[in-house]
Amino acid sequence: MLVLSRRVGESIRIGDSVRLTIRSRLYNHYTVAIAAPEHIAILDEADAVVPPLRPGPHCKRSYLVSMLSGESLRIGEDVTVSFGEDR
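Residues in the sequence shown are numbered consecutively from -13, following my numbering.
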């Protein structure tokens, strides 16, 4: 497990093709933007596919996701991103 912190406006690159950016934070509510290629699935905690914001013909899809502290997303097969308070 790798634990990283990001502030609003900061990003993290996951592998060569996925970028996750913290768009806003209000108390325990986070809004994140994700850019990922079409072949990488973004799943919520219930393993439901998160729909892209705009599926357009580009090689990367855009997602805008709202999360609460303690929730997580799965990006592809191997990466789980959890959202929580700074410690």
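The beta-carbon is built from N, C-alpha and C at its ideal position, and this holds for glycine as well.
Remember, it's a predicted structure, so these values are computed and weren't measured experimentally.
So Leu29 packs on Leu59, CB below 8 Å; how close in whole Å? 7 Å
In chain order, what residues of the same chain lie with their CB nearer than 6 Å to the CB of Met53, ignoring the 5 residues before and after it? Tyr16, Phe69
Note down the Cα distance separating Asn14 from Ala22, rounded to an integer number of angstroms. 25 Å
On the DSSP letters alone, give me the boundaries of the beta strand (DSSP E) that Ile26 sits inside. Note, Ile26: premise wrong, no beta strand (DSSP E); not H, not E.
How about Glu24 and Arg47: do their beta carbons lie closer than 9 Å? yes
Can you grab the Cα-Cα spacing for the pair Gly56 / Glu31, in whole Å? 10 Å
Nearest-angstrom beta carbon gap, Ser(-3) and Arg9 [assumed within contact, 8 Å]: At roughly 10 Å, the Cβ-Cβ gap does not stay under 8 Å, so Arg9 and Ser(-3) are not in contact.
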